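Undergrad: Residue numbers (the working numbering), protein chains in the order written: chain A, 4 to 219; chain B, 4 to 219.
Backbone N, C-alpha and C define an ideal beta-carbon position, used for all residues, glycine too.
Model, not experiment: these values are computed from the prediction.
2 protein chains.
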Amino acid sequence: PDAYGIIGLGRFGLSLALELTKAGKQVIVLEIEEEKLNAVKDQLENIYPVKAVTEEVLHESGISHCRTAIVCIGKDIESNILVTMSLIELGIPRVIAKATSVNHGKVLEHIGAEAVFPEVEMGERLARSLVSTGTLDFLELCEDFSIANISLTRAFANRSVEEINLRKRFHLNIIVIIRQKRAISEILPNFVVEENDVLVVGGTNDAIRKFEKANE
Amino acid sequence: PDAYGIIGLGRFGLSLALELTKAGKQVIVLEIEEEKLNAVKDQLENIYPVKAVTEEVLHESGISHCRTAIVCIGKDIESNILVTMSLIELGIPRVIAKATSVNHGKVLEHIGAEAVFPEVEMGERLARSLVSTGTLDFLELCEDFSIANISLTRAFANRSVEEINLRKRFHLNIIVIIRQKRAISEILPNFVVEENDVLVVGGTNDAIRKFEKANE
Ligand SMILES: Nc1ncnc2c1ncn2[C@@H]1O[C@H](COP(=O)(O)OP(=O)(O)OP(=O)(O)O)[C@@H](O)[C@H]1O
Ligand SMILES: Nc1ncnc2c1ncn2[C@@H]1O[C@H](COP(=O)(O)OP(=O)(O)OP(=O)(O)O)[C@@H](O)[C@H]1O
C-alpha cells in the first residue's frame, strides 16, 4: 500500500515521519532506542522498537509491503547499508537512504537506493538563499526565475500596489502578499501595502536584489 | 565587506563554503581539525586552522569584518553557542548558527542569531516531495498559500492554458512555466503546455493536491 517505512528516528527521520503523518500518509517506524519512540508515541501510530532490523521484523511491522522506505540511520554506516540492502532485496519499489559521505552515497546507489545528503543539501540551499537575497526563504526555480519573500520596510509602506509598480520599476511579479500569516491573493491596483507585509515576488535574481536594496 | 565567515567545516559548513565560493563570494573559514582544511586547500582560499575560536583569531582572520557569519559546529554545543555569542558581540550584522535541537535553537535566537536545522528541514523537504507526485519542489508560505512545481504528465499535455483553466477548475494561479530550464512568465490564454513542462502554481495545499491527483 501507499505506506512509508522509516528506519531510524534521528532528527532527519523524525522530521520526515511527522511531516508525512501530517500529510495524512501511513507511516511505519523502526527504531532501536526505545526512549526515542516513547517521546513520540502520541504523535506517531505505527512505531516498533527493535533490537535489530531483520527480515522478520520488516515483515512483522509491515514495512516489507510499503511502497517507499527511507533509511535514516546515521553513524552506524554498516547498518545503514545492510538495512538498505535488505529493503531492496524485499522488493520495496523505492528505497531512499541517508548518506554520510560521497562514497557511502555511491555504495547506496550501486545497490539500487537513492542517496540523500541532508547536511550537504542544506549547506547548498543556505548558500543560495544568502547569495541571492539575504532572505532565508528563497526558491530558485531556474537560472532566470526565482521566488523570494520580502518583508516590507517603511520604504514602501502605505503605498498602493499600482503606485509601487513592481512590474515596470523592478520587473517583478507579485505572487501573493502575506499579512499576519494570511495570504492575500486577489491584489487590486489600489491595494495599500503596510510595513511588515511579506511580498512574495517572482523574477530574476537581479530584479529581486534591486528590490531588496530599495527596500532597505 | 560582503564576505562570509564560516566556523566549522563539517558536511554542512563545507557545502556552504564551496557553494558560496562558486557564487563568487569571499569566504573565510576557521576549523580546528587541520586535516579537514588540508583536504580542501585547493578549493577554498582563506582557510585558518585554529586551536580555539577566540576574539583574537576572529580579528586576525578577518571574520570580525564580515557581514555574515555562519557557525557550523555540530556536536560541541557549548562551542557552538559561545562562538555565536562572540560573533554577535563583535557586531557582525548577521549571525546564523546550526542548531542540534529545538532548545539549542531557542538559545541561539535569544542571543540574537538565526538558527538553522539542516536535518529537520531536509526531513520536511523530502516528505513534501515524496507526498506530491510529480512535484519537484514545494514551498509553504503560510497556512493557506503554498507554491509547488508540478511536472506535467500526458494528462495535461498539448492543451492550452485557457482550456486547462487552472484558476476556475483548481483554484490555482500559474506563476511561471519552466520549459527546458527556461522560464516563460508571459503566459497567454492560448499558450499550449507540453509534457514535462514544469508548472509553478500557487494556492492552498488542498488545491495543489487535487491538481497533482489530476496530473497522475
Ligand atoms: N540498526 C538500526 N536500526 C534502527 N534504528 C537505528 C539503527 N541504528 C541506529 N538507529 C537509529 O537511527 C537514528 C539516527 O541515527 P544517528 O543518530 O546515528 O544519526 P544522525 O546522523 O546523528 O541522525 P540525525 O542527523 O538524523 O539526527 C537514531 O535514533 C538511532 O538510534
Ligand atoms: N570550536 C570549534 N571551532 C572551529 N571548528 C570547530 C569547533 N568545534 C568543532 N569544530 C568543527 O566543526 C565541524 C562540524 O562539527 P561536527 O562534526 O561536530 O558536526 P556535525 O553536526 O557532525 O557536522 P555536519 O553534520 O555538518 O557534518 C567539524 O569539522 C569540527 O572539527
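Pull out every residue of the segment 102-128 of chain A whose Cβ sits closer than 9 Å to any Cβ of chain B, in chain order.
TA: Listed by position along the chain: Thr-103, Ser-104, Val-119, Phe-120, Pro-121, Glu-122, Val-123, Glu-124, Met-125, Gly-126, Glu-127, Arg-128.
Undergrad: Any heavy atom of ligand 2 closer than 7 Å to the Cβ of Asp-79 (chain B)?
TA: Result yes, Cβ under 7 Å from ligand 2.
Undergrad: Taking buried to mean at least 16 other C-beta atoms within 10 Å of its own C-beta, is Ala-186 (chain B) buried or exposed?
TA: Buried.
Undergrad: Run down chain B in chain order and give the residues with a C-beta less than 7 Å from the C-beta of Cys-145 (chain A).
TA: Under the 7 Å cutoff, chain B gives Ile-181, Lys-184, Arg-185, Ala-186.
Undergrad: Using a Cβ-Cβ cut-off of 8 Å, state whether Ala-26 (chain A) counts as contacting chain B.
TA: Yes, Ala-26 (chain A) lies at the interface with chain B (some Cβ there is under 8 Å from its Cβ).
Undergrad: Against chain B, which members of the segment 159-177 of chain A pass a CB distance test of less than 8 Å?
TA: From the segment 159-177 of chain A, only Asn-176 have a Cβ closer than 8 Å to chain B.
Undergrad: In chain order, what residues of the same chain lie with their CB nearer than 6 Å to the CB of Gly-115 (chain B), ignoring the 5 residues before and after it?
TA: Same-chain partners within the cutoff: Ile-91.
Undergrad: Rounding to the nearest angstrom, what Cα-Cα distance links Ser-149 (chain B) and Lys-184 (chain B) in this structure?
TA: So the alpha carbons of these two residues sit roughly 21 Å apart.
Undergrad: Which partner residues of Lys-101 (chain A) appear in the DSSP bridge assignment?
TA: Its beta-bridge partners are A:Val-119.
Undergrad: Verify whether the separation of the beta carbon atoms of Ile-180 (chain A) and Leu-202 (chain A) is less than 8 Å.
TA: Yes, they are a contact pair.
Undergrad: Within the present structure, is the beta-carbon of Cys-75 (chain B) separated from the nearest heavy atom of ligand 1 by less than 7 Å?
TA: Cys-75 (chain B): no, Cβ never under 7 Å from ligand 1.
Undergrad: Can you grab the Cα-Cα spacing for the pair Arg-172 (chain A) / His-107 (chain A), in whole Å?
TA: If you take the alpha carbons of Arg-172 (chain A) and His-107 (chain A), they lie about 49 Å apart.
Undergrad: Check whether the Cβ of Val-195 (chain B) lies closer than 7 Å to any heavy atom of ligand 1, and answer yes or no.
TA: Not under cutoff, so the answer is no.
Undergrad: Determine which residues of the segment 64-75 of chain B have a Cβ less than 7 Å from any Cβ of chain A, and write them out in chain order.
TA: Hits within the stretch, in order: Thr-71.
Undergrad: In whole angstroms, what is the alpha-carbon distance linking Lys-214 (chain B) and Leu-40 (chain B)?
TA: Residue 214 (chain B) is actually Phe in this sequence, not Lys. Near 48 Å, if we compare the C-alpha coordinates of Leu-40 (chain B) and Phe-214 (chain B).
Undergrad: Whole angstroms are fine: how far does the CA of Ala-72 (chain B) sit from the CA of Ser-104 (chain A)?
TA: The alpha-carbon atoms of Ser-104 (chain A) and Ala-72 (chain B) are separated by roughly 25 Å.
Undergrad: Out of curiosity, what's the CA-to-CA distance linking Val-119 (chain A) and Ala-102 (chain A)?
TA: Their Cα atoms are separated by approximately 6 Å.
Undergrad: If we define contact as Cβ-Cβ less than 8 Å, is Val-203 (chain A) a contact residue for chain B?
TA: Closer than 8 Å: yes.
Undergrad: How far does the beta strand (DSSP E) with Ser-149 (chain B) in it extend, from its first residue to its last?
TA: First-last of the beta strand (DSSP E) with Ser-149 (chain B): 148-154.
Undergrad: Counting only Cβ-Cβ distances shorter than 9 Å, please list the residues of the segment 11-23 of chain B near chain A, keeping chain order.
TA: Cβ contacts with chain A: Gly-13, Arg-14, Phe-15, Gly-16, Leu-17, Ser-18, Leu-19, Ala-20, Leu-21, Glu-22, Leu-23.
Undergrad: Is Leu-40 (chain B) close to chain A, meaning its C-beta is less than 8 Å from at least one C-beta of that chain?
TA: No, its Cβ sits nowhere closer than 8 Å to a Cβ of chain A.
Undergrad: Which term fits Glu-48 (chain B), buried or exposed, when burial requires 16 or more other beta carbons within 10 angstroms of its beta carbon?
TA: So Glu-48 (chain B) ends up on the exposed side.
Undergrad: Since I believe Val-204 (chain A) is in contact with Ile-167 (chain A) (beta carbons under 8 Å), could you give me their beta-carbon distance rounded to a whole number of angstroms?
TA: That pair is no contact at about 11 Å.
Undergrad: So with Cβ pairs under 8 Å, would you call Ala-210 (chain B) a contact of chain A?
TA: Answer no: the Cβ-Cβ gap between Ala-210 (chain B) and chain A never drops below 8 Å.
Undergrad: Should Leu-33 (chain B) be counted as a contact of ligand 2 given a C-beta to heavy atom distance under 7 Å?
TA: Checking the Cβ of Leu-33 (chain B) against ligand 2 gives yes.
Undergrad: Whole angstroms are fine: how far does the CA of Asn-199 (chain B) sit from the CA of Leu-191 (chain B)?
TA: Leu-191 (chain B) and Asn-199 (chain B): Cα-Cα distance of roughly 19 Å.
Undergrad: Buried or exposed for Ala-210 (chain A), going by 16 or more other Cβ atoms inside 10 Å?
TA: Under this definition Ala-210 (chain A) is a buried residue.
Undergrad: Would the C-beta of Ala-20 (chain B) count as close to ligand 2, meaning under 7 Å from any of its heavy atoms?
TA: Checking the Cβ of Ala-20 (chain B) against ligand 2 gives no.
Undergrad: Determine the closest residue to Leu-33 (chain A) out of A:Asn-193, A:Lys-54, A:Ala-130, with distance taken between C-alpha atoms.
TA: Comparing Cα positions, the closest option is A:Lys-54.
Undergrad: At which residues does the beta strand (DSSP E) containing Arg-182 (chain B) begin and terminate?
TA: Looking at the DSSP string, the run of the beta strand (DSSP E) that includes Arg-182 (chain B) is 176-182.
Undergrad: Kindly list, in the order they appear in chain B, the residues whose Cβ is closer than 8 Å to that of Arg-157 (chain A).
TA: The contacting residues do not exist; Arg-157 (chain A) stays about 19 Å from chain B at best.
Undergrad: Can you look up Val-164 (chain A) in the DSSP assignment and give me helix, strand or coil?
TA: Three-state DSSP puts Val-164 (chain A) in a helix.
Undergrad: In terms of alpha-carbon separation, which member of A:Leu-23, A:Gln-29, A:Ile-50, A:Lys-28 lies closest to Glu-36 (chain A)?
TA: Nearest C-alpha to Glu-36 (chain A): A:Ile-50.
Undergrad: When burial is assigned at 16 or more other CB atoms within 10 Å of the CB, is Arg-157 (chain A) buried or exposed?
TA: Classification for Arg-157 (chain A): exposed.
Undergrad: Under 8 Å, with one C-beta from each stretch per pair, do the segment 60-78 of chain B and the segment 4-15 of chain B reach the 3-pair mark?
TA: The segment 60-78 of chain B is in contact with the segment 4-15 of chain B.
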